[in-house]
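Here is the structure we will look at.
Numbering (the numbering used here), first residue to last: 2 to 146.
Pasting the structure below:
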């Protein structure tokens, strides 16, 4: 389905570019509600395109290409917009979580090794982890003589 949406979006943007070919500045709205602004269109050249989402946020911009390549540029912009949406969803999913790096060390044998991993924990999980780390540190503390 996303590929169909991508192709439809690219075809619509390409059609708009052909429609406004030669216009210095042209603005249109896609069926999805995105506002598309073409600027600097001279002959076969497109100076720039700015795409704004239905909420009014500038989504993406591309500069300088031939009108015939508009579908390819639009497909690329669609892919970038989808990546941006995925990153935003991931940021929202991680909201309120604490990011921690944990390094484990293996000091047994001739060569010691270290491995660091990143985790996203709830505040409760972080408290449990800190308590466990303190217990482990106390258990490994050297005994005074």
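For glycine and all other residues, C-beta sits at the position ideal for the given N, C-alpha and C.
- In the three-state reduction of the DSSP assignment, residue 20 falls in the helix class.
- In the DSSP assignment, residue 81 falls within the alpha helix (DSSP H) that extends over 71 to 95.
- In its chain, beyond the 5 residues on either side, 117 and 119 have a beta carbon closer than 6 Å to the beta carbon of residue 102.
- Annotated as distal: residue 47 and residue 60, with beta-carbon spacing of 8 Å or more.
- In the displayed model, residue 144 falls within coil according to three-state DSSP, outside both helix and strand.
- Residue 18 sits close to residue 71, with the two beta carbons spaced by under 8 Å.
- With respect to the 8 Å criterion, residue 50 and residue 63 are classified as neighbours on the basis of their beta carbons.
- Taking residue 14 as reference, the option from 79, 92, 131 and 127 with the minimal CA-CA separation is 79.
- Taking the Cα of residue 20 as reference, the smallest distance to any Cα among 88, 42 and 92 is reached at 42.
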